[in-house]
Structure formats: structure tokens, C-alpha cells
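J.:
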Amino acid sequence: MESNTVNFAHAARTMAHEARLRGLLVPGFRCPPRVLGVDRSLRRWDGGATVAVRVKGRPWVAVVADMIEGMVVANQLVPPVADRLRAEMWLALGFVAQDSESGQTKVA
């Protein structure tokens, strides 16, 4: 699926809601990054952060991965909390896959 700004805005709202439920910092999301030639950048400011992601010409799953990683970095999370948040964000955004061998549902 090709990414677009409508999907980006929806994902940003969903992630913000999920972050608030967990008591985490909700970074701002924008596109594109101000820094030329990068897919993702993070800018910290007093009391917050902004995650900028390049959307144009990228697969949607790559954009979402950068948004999720930006939230992890903005909140300065480390494993296992960071890993749990990543998995929960993928699920909240509807990315699940069926493991054909075990029949278990896993995050994409």
C-alpha cells in the first residue's frame, strides 16, 4: 500500500490516543522532515517532541514503522517497555498477520 497524508493523519491520531492511554508523551507528527535526504527526524523542545516522517514515495508500512520508532525514541523507552509499545502500536494500527505454522496471530 502506498502511503499518503490522509493515512498519515489517521495513524498520528490513533497513536496519540494510544500514547495518552499509557501516560506517555504524545509527540507531534509532521511530514516531511525539514532535513533533506532523511526518512525520519526527531526534534525535541521544552516539554515535547516532534517526529517528522517522509511519506511521499514510500511504502505505508515503512512510514508507520518510522512513526512508531519516533514515539519510542521521543519517550526514551528501552526494552522490554519499548518492545511492548511497538507491538501495541502495530496492533492499534491494524497490522496483524496469521502465522501459518502455529495458527497464532502476530504483529506484522
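My numbering puts the last residue of the sequence shown at 98; the count rises by one with no breaks. All residues carry an ideal CB built from backbone N, CA and C; glycine is no exception. Bear in mind the structure is a predicted one, so any value in this text is a computation, not a measurement.
1. Compute the distance between the beta-carbons of residue 34 and residue 42, then report whether it is under 9 Å.
2. Which of the three DSSP states is assigned to residue 44 in this structure?
3. Could you give the residue range of the alpha helix (DSSP H) that holds residue 60?
4. Spatial neighbours of residue 2 within its chain, please: CB distance less than 8 Å, with the 5 preceding and 5 following residues excluded, ordered by chain position.
5. What residue does the beta strand (DSSP E) around residue 32 start on, and which one ends it?
6. So what does residue 39 bridge to, in DSSP terms?
7. Indicate whether residue 23 and residue 64 have their beta-carbon atoms separated by less than 9 Å.
8. Assuming residue 82 and residue -5 form a contact by the criterion Cβ under 8 Å, report the distance between their Cβ atoms to the nearest whole angstrom.
T.: From the atom records:
1. By one-based count along the sequence shown, residue 34 stands at place 44. By one-based count along the sequence shown, residue 42 stands at place 52. No. Outside cutoff.
2. Position 54 of the sequence shown holds residue 44. Residue state, collapsed to three classes: coil.
3. Taking the first residue of the sequence shown as 1, we reach residue 60 at position 70. Where residue 60 is concerned, the enclosing alpha helix (DSSP H) stretches over 50 to 64.
4. Taking the sequence shown and counting its residues from 1, the one referred to as residue 2 is at position 12. Cβ neighbours of residue 2 beyond the five flanking positions: 19, 57.
5. Within the sequence shown, residue 32 is the residue found at index 42, counting from 1. Run containing residue 32: 30 to 35, per the beta strand (DSSP E) assignment.
6. As a working mapping, residue 39 is identified with position 49 in the sequence shown. DSSP output for residue 39 lists 34 as bridge partner(s).
7. Counting from 1 along the sequence shown, the entry for residue 23 is found at position 33. Counting from 1 along the sequence shown, the entry for residue 64 is found at position 74. Contact flag unset, no.
8. Here residue 82 refers to the residue found at position 92 of the sequence shown. Here residue -5 refers to the residue found at position 5 of the sequence shown. Their Cβ separation, rounded to whole angstroms, is 20 Å, which puts residue 82 and residue -5 out of contact at 8 Å.
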